[in-house]
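Everything on this sheet refers to the single structure shown next.
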Amino acid sequence: MSRLRDTSLPYWGAVTAFLKVGLAMRFNFFMSLLVTLVASWVLVSVWKVIHGGSGTVQSAFGEQELVTYLVVAQVVNLARMGWINRNVVYNAMNYVQTGKISLDLVRPLDLQAMRYMEWAAVFVVDALLVAVPVWLVWFVSGNLALPASAVDGALFVVSVALAWFVMSGIHFLMALLTVWTYDFLGLMMVRTAIQEFFGGTLIPLALLPAPLAVLAAFLPFQAVVHTPVSIYLGRLHGQELIFALGVQAVWGIALLLAGRWLWGRAALRLEVQGG
Amino acid sequence: MLSHLLHVYGVSITLRLKQYAQYRVDAWLQLATRLVRFALQLAFLGIAFSFVERLGDWTPWEVVLMWCTGVIGFYVHDAFFCFATQSKVLFYNGELDYALVRPLPVYVQESAREMPFESLLNLIFFGAAFSVAVMRLELYARPGVILWLIVALAASTLVWTGIATLISCITVWVGRTFAVWQSFSSLNDYVKYPLDIFPMPLQSLLTIVPFGFTTFYPVAFALRGGDYAWPGAFSLGVGLLLFGLSYLTYIFALRHYSSTGTGE
Numbered sequence: 713m714s715r716l717r718d719t720s721l722p723y724w725g726a727v728t729a730f731l732k733v734g735l736a737m738r739f740n741f742f743m744s745l746l747v748t749l750v751a752s753w754v755l756v757s758v759w760k761v762i763h764g765g766s767g768t769v770q771s772a773f774g775e776q777e778l779v780t781y782l783v784v785a786q787v788v789n790l791a792r793m794g795w796i797n798r799n800v801v802y803n804a805m806n807y808v809q810t811g812k813i814s815l816d817l818v819r820p821l822d823l824q825a826m827r828y829m830e831w832a833a834v835f836v837v838d839a840l841l842v843a844v845p846v847w848l849v850w851f852v853s854g855n856l857a858l859p860a861s862a863v864d865g866a867l868f869v870v871s872v873a874l875a876w877f878v879m880s881g882i883h884f885l886m887a888l889l890t891v892w893t894y895d896f897l898g899l900m901m902v903r904t905a906i907q908e909f910f911g912g913t914l915i916p917l918a919l920l921p922a923p924l925a926v927l928a929a930f931l932p933f934q935a936v937v938h939t940p941v942s943i944y945l946g947r948l949h950g951q952e953l954i955f956a957l958g959v960q961a962v963w964g965i966a967l968l969l970a971g972r973w974l975w976g977r978a979a980l981r982l983e984v985q986g987g
Numbered sequence: 152m153l154s155h156l157l158h159v160y161g162v163s164i165t166l167r168l169k170q171y172a173q174y175r176v177d178a179w180l181q182l183a184t185r186l187v188r189f190a191l192q193l194a195f196l197g198i199a200f201s202f203v204e205r206l207g208d209w210t211p212w213e214v215v216l217m218w219c220t221g222v223i224g225f226y227v228h229d230a231f232f233c234f235a236t237q238s239k240v241l242f243y244n245g246e247l248d249y250a251l252v253r254p255l256p257v258y259v260q261e262s263a264r265e266m267p268f269e270s271l272l273n274l275i276f277f278g279a280a281f282s283v284a285v286m287r288l289e290l291y292a293r294p295g296v297i298l299w300l301i302v303a304l305a306a307s308t309l310v311w312t313g314i315a316t317l318i319s320c321i322t323v324w325v326g327r328t329f330a331v332w333q334s335f336s337s338l339n340d341y342v343k344y345p346l347d348i349f350p351m352p353l354q355s356l357l358t359i360v361p362f363g364f365t366t367f368y369p370v371a372f373a374l375r376g377g378d379y380a381w382p383g384a385f386s387l388g389v390g391l392l393l394f395g396l397s398y399l400t401y402i403f404a405l406r407h408y409s410s411t412g413t414g415e
């Protein structure tokens, strides 16, 4: 027991430190909050126009359901272009590119676990200072529905936690790819674009053309946004619900293992003097 | 003097392009990633217009034209006037001194020092999309509209350069402004839609924070004339005003720049 405590103590220290850094940079989160509010307002307005003119969209979603989908998708958008979120991920990539990762290698912590902890701290601060306030603003404005039921609300929280697990796996793989590519800005931008498109942030997956919807189902990004939002809306029940949560967990574990494997390869190629 | 400045600018940019050519793998990777992003952005509009023929009163190619005008303005500013964006780093770290001791205007030197490859690629993609939209809307036979679209691109560039310079200059007084610029620039992707489909408060917001003058107003005036006369015709004026204001702020910021850096 005491061995477990000794092993985990440095990680909790890291999380606490990252939390403090995040909370100290409140202004950056405030800007992220403003951008997310404007972005969600724009998207909702555009989709309301499309909804009003399309029988197909109306048959897939009621208006309030569509608005709720879009806003909750923005709330749980872990690829959000917020400053801290970008900065933390950029840092992980930049450390590889510049060779600063050498300092991480001499710490008595597992690199992958430390990155996951770092992103957990960002996730918590982002949830407190961006996601919940955005949800509250929309809810108070009367445009947003509550979760379909209390159980759906609780499972939504579980699903968002699993989404963080999946997202951290994606972040870690992207950071490691920098060992081979050196260009991290392009990788980040294309990941964000793919994630927002195939994750259901910009377009509900139910409205994607069939071939793209099939492709989205085989990518991990739907596990980050589409699954939690579908649970929130009460669109998943029984076996479907268990399957969706299972898919999230499997993606999280698969990405964790893939990250572990790739780190083994990347560590051999690492140029600690930077690229 | 001007020809000397242009010569220095040209030499700097040529060196930068040669550097890109030497790193071919990086260049190809950047090309591929930007192409994917561009394709997905287009796909979003394609899917939206698979449900409706028009967005409000606007056809797909009209929306593409608005979108491209805003984005081209953004990337012209980023490619050719990157000092507007980069100066916040120089102010913050106290590194502007290197440029200040050289016998050329700081704005020109620093803008010529960098030409983000990403911006060049985006200019090519969005320039192509802009040209296709012009062809599809059969605007090539209407020189007045083409002329006004060129004015719209200039207005868009001036507005973005003005916003970037203003935010950078504020660094001298308040310290870090990175988050402010990142937030403004990330909204670039959300202002491609016709403003008149939005509720009035959102329209007002995107007019006061002058994104509307980078996309909707000048293009709507070019395409539809009278209905959008006031804001459309004044787009260039808004751009010039904002750029002028930002340049004055820049001169004022230079006077307050202490060479020590504002941050760590």
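Order-wise, the sequence lines are chains S and R.
In terms of our numbering, the numbers along the first sequence are unbroken and rise by one, the last being 987.
In terms of our numbering, the numbers along the second sequence are unbroken and rise by one, the last being 415.
The beta-carbon is built from N, C-alpha and C at its ideal position, and this holds for glycine as well.
All of these numbers come straight from a predicted model, not from anything done at the bench.
| Asked | Found |
| --- | --- |
| Coil, strand or helix - L817(S) by DSSP | helix |
| Any C-beta of chain R under 8 Å from that of I882(S) | no |
| First through last residue of the alpha helix (DSSP H) which encompasses E265(R) | Element bounds for E265(R): n/a, residue is neither H nor E. |
| Short Cβ contact (8 Å threshold) for W963(S) with H883(S) | no |
| Beta-carbon proximity of V257(R) to G765(S), cut-off 8 Å | no |
| Residue-level contact to chain R via CB, S714(S), 8 Å cutoff | no |
| For E415(R), the three-state DSSP class (helix, strand or coil) | The predicted position of E415(R) is uncertain, since its pLDDT is 45 and thus under 50; a value taken from the coordinates is nonetheless stated next. Coil. |
| Amino acids of chain S, ordered along the chain, whose beta-carbon sits closer than 7 Å to that of P135(R) | Since the displayed chain R opens at 152 and closes at 415, residue 135(R) lies outside it and no answer follows. |
| contact_flag[the segment 384-397 of chain R, the segment 236-246 of chain R] where n(CB pairs < 8 Å) is 3 or more | no |
| Which residues DSSP lists as bridging W209(R), in chain order | L206(R) |
| Beta carbon proximity, E246(R) to chain S, threshold 8 Å | no |
| Short Cβ contact (8 Å threshold) for L782(S) with S752(S) | yes |
| Element boundaries [alpha helix (DSSP H), containing G774(S)] | Taken as a continuous stretch (DSSP letters only), G774(S) belongs to no alpha helix (DSSP H), as it is neither H nor E. |
| Supposed close pair A876(S), F909(S) - CB separation, criterion 8 Å | The residue you asked about is not Ala; residue 876(S) is Trp in the sequence shown. Actually they do not touch by this definition, with Cβ atoms about 20 Å apart. |
| Stretch pair the segment 914-931 of chain S + the segment 835-844 of chain S: three plus CB contacts closer than 8 Å | no |
| Burial state of W218(R), where buried means 16 or more other Cβ atoms lie within 10 Å | buried |
| First and last residue of the uninterrupted alpha helix (DSSP H) at K239(R) | F234 to N244 |
| Short CB-CB distance (under 8 Å) between L317(R) and chain S | no |
| Proximal residues to L899(S) (C-beta, below 8 Å), its chain only, five neighbours per side dropped | M805, M886, L889, T890 and T893 |
| Under the three-state DSSP convention, the category D378(R) falls into | helix |
| 8 Å Cβ cut-off: residues of chain R touching P820(S) | Those do not exist, as P820(S) stays about 27 Å from chain R at its closest Cβ, beyond 8 Å. |
| F202(R) at chain B interface by Cβ criterion, 8 Å | Protein chains in the displayed structure are S and R, and chain B is not among them. |
| L156(R) vs L247(R) beta-carbon contact at 8 Å | no |
| Spatial distance of F403(R) from V959(S) (CA atoms) | 57 Å |
| C-beta atoms of F277(R) and I223(R) nearer than 8 Å | yes |
| Cutoff 8 Å: S334(R) Cβ touching any chain S Cβ | yes |
| Residues that E127(R) contacts on chain S, provided the C-beta gap is smaller than 9 Å | With chain R represented from 152 up to 415, any question about residue 127(R) goes unanswered, as that position is not in the structure. |
| In chain order, each beta strand (DSSP E) run of at least 3 residues that lies wholly inside the segment 257-332 of chain R | none |
| Stretch pair the segment 286-301 of chain R + the segment 367-387 of chain R: three plus CB contacts closer than 8 Å | yes |
| Residue range of the unbroken alpha helix (DSSP H) whose run includes R406(R) | S386 to H407 |
| Interface partners of M743(S) on chain R, CB under 7 Å | A330, V331 and S334 |
| 8 Å contact criterion, which T220(R) and L304(R) should meet: CB distance rounded | 6 Å |
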